[in-house]
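Asker: I have a structure here, written as structure tokens, and I will follow up with some questions on it.
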Amino acid sequence: MSKELLSWYDNNKRSLPWRRDKDPYKIWISEIMLQQTQVTTVIDYFNRFISRYPTVEALANGTEEDVFKLWEGLGYYSRAKNLIRCAYQIVNEHKGVFPKDVEALKQLPGIGPYTAGAIASIAFDLPEPAVDGNVLRVISRLNCLSEPINENKHQMLYKQKTIELMSERPSDFTQAMMELGAMICTPKSPRCSNCPLSERCCSFKQQTQLNYPVKIKKIKQREERVGLAIVVSGQDVMLIKHETTGLLANLWGFPRTTLDDLSKLPFEKQVQNHLEQELDFKPEFSHCMVGKPHVFTHIKWQTILCFFHTDVKISSEIPKVEWVNLSDIDLKALPTALKKQLNIISKEIEEI
DNA sequence: AAGGCGGGGAG
DNA sequence: CTCCCAGCCTT
């Protein structure tokens, strides 16, 4: 079976920037970027990142601000935070060389069971399984496994089934499994007629491909109204750097507060109070308007933009505050939820 | 074991 | 719309 798989991979693999060599540094960067993120999205980010930080030493000497800027828009920003910590540890605790041992890899920040297996197999050609969403889908369909893939107690089962398939080319095997999951064994409409394994696939024989993989429950999304304070001073707007934990941690943004629908206070008062409590700052209120909504995995944001103006450009270290010309705002790492408000904001500011 | 954490593409 | 994605970390 693995022979068929590898042969298919040899003939059909995509040419991707992180497949040009087996540099563990590049494999690592690509694997972190690819967590919960699709290949097409990652390619440009990867190329930009590697040309700026070609080695782990370069990255260990980089600034957090610059790395976040490179990560802007990619999401799951704790990955960027851990990236620097990890580079630093590799340089200072591993003499700049990636450990070849899976357990040692897992000790590094941001590297879990999947990524450890991926680096060990892809970069070092060690027979370590790397079980991600693609592999889970392929394995569960191949074997008609109904054990929910998102229950911890079944991790070993899927890992074991992956090891059973593994060939003498671990690096190519790991990539082939994921390539198959991404190109052929897709979630909604698998291309079984082009699949090298269909003849030996349990769910194909039964025509039950779409019954797999089995997953339990789903997270309920909550709705929130969020008030954003747009404080204008001349040509500049106030930005704050958000706290180090929680939603959008470490990114720049506008002061924000979750609005209470049941409160007797109008929205602008709630935003005003937030500014006063957080920054001891009372700029002059102008007006509020509805902003663009934004959907996260677990939250739906209805944004309310509240405009203020001031002659006093306050400064603060906790949280960090900066005043930025709207045309220079691209220099800061802003989450997409806020970037999509910028058009509205610049129009409003012109009218003030 | 559960929940938090982004954003984009597919259907 | 809903689901999914080369997951990890904290609690």
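Using full-length UniProt numbering, you'd call the opening residue of the first sequence number 1 and step up by one each time. Using N, Cα and C, we set each Cβ at its ideal position, and we do this for glycine too.
Count the other CB atoms within 10 Å of the CB of residue 128; is the residue buried (16 or more) or exposed (fewer)?
Answerer: Buried is the label assigned to residue 128, since at least 16 other Cβ atoms lie within 10 Å of its Cβ.
Asker: Following the continuous alpha helix (DSSP H) through residue 241, name the residue where it begins and the one where it ends.
Answerer: Here residue 241 belongs to no alpha helix (DSSP H); instead the beta strand (DSSP E) covers 236-241.
Asker: From the DSSP output, in three-state form, read off residue 191 for me.
Answerer: coil
Asker: When you compare only the Cα positions, how much space is there between residue 231 and residue 339?
Answerer: The straight-line gap from Cα to Cα measures roughly 16 Å.
Asker: Take residue 109 and list the residues in its own chain whose beta-carbon comes closer than 6 Å to its own, dropping the five residues that flank it on each side.
Answerer: 82, 85 and 86
Asker: The beta strand (DSSP E) that contains residue 299, what's its start and end?
Answerer: 299-309
Asker: So residue 275 and residue 229 are in contact, right, with Cβ under 8 Å, and what is the actual spacing, rounded?
Answerer: 5 Å
Asker: Near residue 346, what residues of its chain come up, given a Cβ to Cβ distance below 8 Å and the 5 sequence neighbours on each side ignored?
Answerer: 326
Asker: With residue 315 and residue 324 assumed to form a contact (beta carbons below 8 Å), what rounded beta-carbon distance in angstroms separates them?
Answerer: Rounded, the Cβ-Cβ distance is 13 Å, inconsistent with contact.
Asker: Please classify residue 230: does DSSP put it in a helix, a strand, or coil?
Answerer: strand
Asker: Can you check the UniProt domain "HhH-GPD" (33-183) for any alpha helix (DSSP H) of at least 4 residues that lies completely inside it and give the ranges in chain order?
Answerer: 39-52, 56-60, 64-71, 78-93, 102-106, 113-118, 133-143, 155-165 and 170-183
Asker: Around the C-beta of residue 161, are 16 or more other C-beta atoms found within 10 angstroms, so that it is buried, or is it exposed?
Answerer: Residue 161 counts as buried, since at least 16 other C-beta atoms from the protein chains shown sit within 10 angstroms of its C-beta.
Asker: What does the alpha-carbon distance come out to for the pair residue 244 and residue 318?
Answerer: 11 Å
Asker: How many whole angstroms separate the CB atoms of residue 305 and residue 291, which I take to be in contact at a CB cut-off of 8 Å?
Answerer: 4 Å
Asker: Per DSSP, which one or two residues make a beta bridge with residue 290?
Answerer: 304
Asker: Give the DSSP-derived three-state secondary structure of residue 273 in the structure shown.
Answerer: Three-state result, residue 273: helix.
Asker: Give me whichever residues DSSP pairs with residue 252 in a beta bridge.
Answerer: 241
Asker: Decide if residue 30 is buried, meaning its Cβ has at least 16 other Cβ atoms within 10 Å, or exposed.
Answerer: buried
Asker: Please name the residue in 16, 20 and 66 whose C-alpha comes closest to that of residue 42.
Answerer: 16
Asker: Alpha carbon to alpha carbon, how far is residue 224 from residue 289? Give it in angstroms, no decimals.
Answerer: 16 Å
Asker: Please name the residue or residues paired with residue 222 in a DSSP beta bridge.
Answerer: 299
Asker: How would you label residue 282, buried or exposed, when you count the other beta carbons within 10 angstroms and need 16 or more for buried?
Answerer: exposed
Asker: Buried or exposed: where does residue 121 fall if 16 or more other Cβ atoms within 10 Å of its Cβ makes it buried?
Answerer: buried
Asker: Throw me the rounded Cβ distance for the residue 9 and residue 236 pair, which I believe falls under 8 Å.
Answerer: The pair is not a contact, with the Cβ atoms about 53 Å apart (cut-off 8 Å).
Asker: Would you decide whether residue 141 is buried or exposed? Buried here means 16 or more other CB atoms lie within 10 Å of its CB.
Answerer: buried
Asker: Quick check on DSSP: helix, strand or coil for residue 317?
Answerer: Residue 317 falls in the coil class under three-state DSSP.
Asker: If you measure between the beta carbons of residue 117 and residue 130, is that distance less than 8 Å?
Answerer: yes
Asker: Would DSSP call residue 285 helix, strand or coil?
Answerer: strand
Asker: Whole angstroms is fine: what's the gap from residue 63's alpha carbon to residue 192's?
Answerer: Roughly 47 Å between the two C-alpha positions.
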